[in-house]
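Here is the structure we will look at, set down as C-alpha cells.
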Amino acid sequence: MQHTLSVTVEDKPGVLARVSAMFSNRGFNIHSLAVGPTNVEGRSRITLVVDAPELEQLKKQLHKLVNVIKVQELEPSETLEAEVMLVRVSCDPHSRGEVADTAALFATRMIDLSPKSMTFEISGTPEHLASFLEHVRPYGIIELVKSGRVALKKQSDVSTSLIGGGTR
Amino acid sequence: MKKQTFTGSNSLLRSLEHEGVEMIFGIPGGAILPAYDPLLDSPIRHILARHEQGAGHMAEGYAMATGRVGVAMTTSGPGATNLITPLQNAKMDSTPLVAITGQVGTAAIGSDAFQEAYTTGLAMHCTKHSYLVTDAGELPNVIHEAFHLASTGRPGPVLVDIPKDVLNQPTHWSEPSLAGLPGYKPTREGHPKQIKAAIDLIESAERPVLYVGGGVINAGASTELAEFAVAVNAPVVTTLMARGAFPDDHPLALGMSGMHGTYPATTAIQKADVLVSLGARFDDRVTGKVDAFAPHAKVIHVDVDPAEIGKVRQAEVPIVGDARLILRALLDRVLSLRDAADAPRRQEWFDQLDSWRKSHPLSYDQDPDGPIKTQHFIERLHALTNGEAVVTAGVGQHQMWASQFWRFSRPRSWINSGGLGTMGFAVPAAIGAKAARPDDLVYALDGDGCFQMTFQELITAATEGIPVKVAVFNNGGYGMVKQWQSLFYQGRISATSLGTTIPDYPNLAEAMGCVGLRVTHADQIDVTIEKSLSVNDRPVVVEVVTDPDEMCFPMIPAGGSNDDIAMGPEDL
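Protein chains in written order, with the working numbering: chain A, 197 to 364; chain B, 1056 to 1627.
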C-alpha cells in the first residue's frame, strides 16, 4: 500500500543520505521522493511516497534520526498533491493538431517542437497526469520523466473523502 | 616567545575536558596528529591501544563499567574503519560512546587521498549520529551535542569526524549549547494513564513475569527494580545484557532466559499471563520463534526508544520513557492502592516456578580426574573472589557459561558483547573497565578463539599499568560453532579446530609483559586462581585447559520454539 509522508528535516549536509540509508537498512521501499526548502530557513521538507504494509515502525525509525524534526503522514483525502511530468509525444504534421488539442484540455505547456514530436510539461495530481498519458498514449510516447510527489496537508475544510477521492 | 595560536585541536581538547572526560583510548596517525599535541598538556589520560578495534572496545568497557561516556580517538582511513566493529557493537548494546576520527584535509575530501575513507558514510548505520566538522568554530557545540546524544535517551555511539585543516584552524572556544538539536527530545516520564493501566494488569495477573533488559542497567534502575519486584511479588528474568541488574540470590530471581537461558526463566515467560518488559527489546536470542513466544501473555513494554515498542511483539500497554523513572512511577502507583505487604501471593505460580528450579537446574559434571569444565572454573573463581569481580566475556560457550554460572549481585559487574556477538571483546573491554575502576578486580573470561583476536591489547595493559586478569578457556577451537557442527551438521567439524598447543599461552603472556599461568587439572584450579589474584602489578593470563567436547546447555535451536528446551544433546 502506498503512503505519503511529509518529513521536516534540518537543512544539513547528508540528511537525505541518512533518510534514504535508513530505508534501505530497514528494508522499506521508496516509491517516489522529493526534497526542497521550506518557508523556514534551515528546514527542508522531504516528501516520500512509500510502499509499506504499515507505517508505525517506519515513522518511529524516521523520528530516531537526529536531524528529523517532524514526521507527518498525509491522508489522501486531506492532502494536496502535485507532480511535474515532461512527456515527449510522437506526432507528425498531420496528427500535431489533434495532440495539441488534447494537450490544451489538460492545461499543459508545449515546451519543445520537432518535426517528429511535441514535448509537454504538465503538473497536477497524479490522477491528472495519468489521465493525460492515457489520452496521448495512442500517438506514441517517446520519452517521459516525472518528478517526485510533493504534498501538503489541506487547511480548508473541503474533503474529498465523501466522493471517494484519494490515490490508494 | 611567540604566543601559541588557539586552534581546532585546542578547542577539541577543551571541549572534551568540559565534558568531564578523564581518559581517551586511541592511536594517533597523520590526520589526527594535530589533536595529539595539545593532549600532552591536558589532564586527560591517553591510553595507547595497539589496534583501533581494541581502543573502541576499551572505551566500551569503560562506559559499561561506569555508565559514563567512553571516548575513542583514531586517525582517518584505516584508523576509522578499524573502529566500525566497536561502533556497531556499542549501537547494538546501547553503550554511550564518542568516537573522534581524524579526516584528510577539507580540500582533499573526495579525492581518494592517502588514508581517506568516507567515515561518516561508513558510520551511518552503526552510530546513533555522526558529524563531519567543517569549521573549527563548530567544535564546542558538536562535541557537546555528541556527548548529549551518546548519553541520553537510548544511549549509543556518536562519531565526530574532523578534517586535519579544521584541527589546525585558528578559532576560539565558547560555552556550548544544545540549540542545534531541534528534533531530539527523548521522552523520560511515562504517561500516567499507561502507568495506571500497567498496574491494573500486573495486579490482576496470576502468572506475571518481569522481563528485564540492559535498559535497566543503563537507567541505573536496579534499586527501583528490586523494590518493584517485591511490591508486586513477581519473578524476575534477566536478559544477557541485564545480568547483574537483579541479584541472582534474590528469591524472585529466575536467571537468564533464551537460547541458553535457565529452564525456569524461559518457561516462566512461556507460561506467563502478563509479561512486563523493562528496557529489553525482544531479541531473537530471547524469543526464539516469535510466534511461539510468551503465547499467553499480555505485554507491558517499557522502553526509552519508541521504535522498540511493537517492533517484534505488539504491546497491550506501551510505555515510553526512562526505566528508572517509570519503575518509580509504577511503584508509587502500587503503593497508592495498597500496602506493599498486601501483594497478591500467587502461591500456585511460585510453587510451579520452584518445581522447575528443582527439576531443571543448571548442571555439569566435573570428573575430579577428567578435563576441566569451564563451568567449574567459573564457579570456583566466583567462590574465591566472593563474587566481587567485574567480569568481562567474549562470545561463545564461555560467555554463556559465565552468564549462567557466575552469580551476579550488582549492576555493571558483567560486561559482554550481547547484540553484535563480537569475538575478542573480553580483553580490551576488561582493560577499559579496569582503567575506569582501578580499585576493583576485573577478570576477563575468554575463549581461546576470542583471545586470539585481540590479545595484543595485553601489551597495552602491561605498558599502561592496567593489571587486568584473563582466564583463557582453551578447548582448542571455536567451541560454540563446533557445538552446532556436532549437533546440526552430523559432527562434521569444519574449520573450528585451533589446536591446543599453539600458541603457548603462558609464554605468550610473559612475552607481552604479563604473568602467564596454566592449569590443566581440576585439583589445581584453586591454587592457580589464588596465584592470579596475588599479582597486582601486572596483568595475569591463566590458560585453563578445558574439555574440548563439553557442550553448552540448556539450548533452544535457532528459530525453535521456547517450549522446546533441550537440557542435553539427547533432547535435540
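Note that CB positions come from ideal geometry on N, CA and C, so glycine has one too.
Euclidean distance between Cα positions of residue i and residue j
i, j, result
"THR1601/B", "PRO1426/B", "6 Å"
"TYR1419/B", "ALA1289/B", "29 Å"
"VAL236/A", "PRO1093/B", "40 Å"
"ARG214/A", "ALA230/A", "15 Å"
"PRO1522/B", "ALA1485/B", "10 Å"
"SER352/A", "SER327/A", "26 Å"
"ASP1626/B", "GLN1459/B", "20 Å"
"ASN1617/B", "LYS1413/B", "19 Å"
"PRO1423/B", "VAL1124/B", "45 Å"
"ILE1374/B", "ILE1250/B", "8 Å"
"SER1691/B", "ASP1377/B", "This structure gives no information on residue 1691/B, because the portion of chain B shown stretches from 1056 to 1627."
"HIS259/A", "ILE265/A", "7 Å"
"ALA278/A", "ARG222/A", "28 Å"
"HIS1106/B", "GLY1531/B", "25 Å"
"THR1062/B", "ASP1190/B", "11 Å"
"THR1515/B", "LEU1103/B", "7 Å"
"SER1410/B", "PRO1319/B", "9 Å"
"LEU329/A", "ASP308/A", "17 Å"
"SER1166/B", "THR1174/B", "14 Å"
"LEU1382/B", "LEU1553/B", "47 Å"
"LEU1542/B", "VAL1345/B", "23 Å"
"LEU1233/B", "TYR1239/B", "10 Å"
"PRO1635/B", "MET1455/B", "Residue numbering for chain B in the displayed model covers 1056 to 1627; residue 1635/B lies beyond these limits and cannot be assessed."
Partner residues on chain A for residue i, Cβ-Cβ distance less than 7 Å
i, result
"THR1175/B", "GLY210"
"LYS1366/B", "GLN253"
"LEU1628/B", "With chain B covering 1056 to 1627 only, the question about residue 1628/B has no answer from this structure."
"LEU1071/B", "Ordered by position in chain A, no residue passes the 7 Å Cβ test against LEU1071/B, which lies about 20 Å from the chain."
"LEU1204/B", "VAL262"
"HIS1184/B", "VAL262"
Under 7 Å from the C-beta of residue i: neighbouring residues of chain B
i, result
"ALA217/A", "MET1179 and HIS1180"
"ILE265/A", "PRO1237 and GLY1238"
"ASN221/A", "HIS1180"
DSSP beta-bridge partners of residue i
i, result
"TRP1469/B", "VAL1446/B"
"ILE1272/B", "DSSP output for ILE1272/B lists no bridge partner at all."
"HIS1101/B", "ILE1079/B"
"PRO1483/B", "Its beta-bridge partners do not exist; DSSP assigns none."
"GLY300/A", "Sequence check: residue 300/A is Ala here, not Gly. ALA300/A is not bridged to any residue."
"GLN1158/B", "PRO1218/B"
"SER1332/B", "TYR1266/B and HIS1356/B"
"TYR335/A", "Its beta-bridge partners do not exist; DSSP assigns none."
Which listed residue (the options) has its alpha carbon closest to that of residue i
i, options, result
"GLY1135/B", "ALA1352/B, LEU1177/B, PRO1466/B and LYS1353/B", "What sits at residue 1135/B in the sequence shown is Ala, not Gly. Nearest option by C-alpha distance: LEU1177/B."
"GLU1230/B", "HIS1203/B, ALA1252/B, HIS1073/B and ILE1257/B", "HIS1073/B"
"SER1472/B", "THR1140/B, ASN1065/B, SER1064/B and ILE1087/B", "THR1140/B"
"SER1185/B", "LEU1152/B, HIS1351/B, VAL1372/B and THR1583/B", "LEU1152/B"
"GLN198/A", "LEU301/A, GLN268/A and VAL245/A", "VAL245/A"
"VAL267/A", "LYS342/A, ARG333/A and VAL203/A", "VAL203/A"
"THR1509/B", "PRO1423/B, ALA1564/B and ALA1438/B", "ALA1564/B"
"GLU1077/B", "ALA1127/B, PRO1089/B, PRO1083/B and PRO1561/B", "ALA1127/B"
"VAL1221/B", "LYS1183/B, LEU1204/B, LEU1233/B and ALA1163/B", "ALA1163/B"
"SER1589/B", "HIS1576/B, GLU1605/B, GLY1571/B and ASP1578/B", "GLY1571/B"
"LYS208/A", "GLU1403/B, LEU1187/B and PRO1603/B", "LEU1187/B"
"VAL1574/B", "THR1477/B, PHE1432/B, GLN1507/B and ASN1591/B", "PHE1432/B"
"CYS1181/B", "GLY1109/B, GLN1143/B, ILE1155/B and LEU1204/B", "GLN1143/B"
"TYR1498/B", "ILE1580/B, GLY1474/B, LEU1408/B and VAL1596/B", "VAL1596/B"
"ILE1257/B", "THR1321/B, ALA1352/B and GLY1299/B", "ALA1352/B"
Other residues of its chain near residue i: CB distance less than 6 Å, five sequence neighbours each side excluded
i, result
"ILE338/A", "ARG284, SER286 and SER313"
"SER1097/B", "LEU1068"
"VAL1331/B", "LEU1265 and ILE1355"
"PHE1337/B", "VAL1367 and ARG1368"
"THR1060/B", "PRO1225"
Contacts around residue i, its chain only, beta-carbon distance under 7 Å, and the 5 residues preceding and following it disregarded
i, result
"ARG1379/B", "ALA1274, GLY1275, ALA1276 and GLU1279"
"SER1549/B", "GLN1540"
"ALA1118/B", "VAL1124, GLY1125, THR1150, PRO1151 and LEU1152"
"THR1551/B", "GLY1532, TYR1533, VAL1536, LYS1537 and GLN1540"
Per-residue contacts from residue i into chain A (C-beta, under 9 Å)
i, result
"PRO1361/B", "LYS256, HIS259 and LYS260"
Contacts of residue i in chain B (Cβ-Cβ under 8 Å)
i, result
"ARG214/A", "MET1179"
"GLU206/A", "PRO1237 and GLY1238"
Other residues of its chain near residue i: CB distance less than 8 Å, five sequence neighbours each side excluded
i, result
"GLN1369/B", "VAL1354"
"ALA1286/B", "LEU1386, VAL1389, LEU1390, ALA1395 and ALA1398"
"GLY1085/B", "THR1130, SER1131, GLY1157, PHE1169, GLN1170 and LYS1219"
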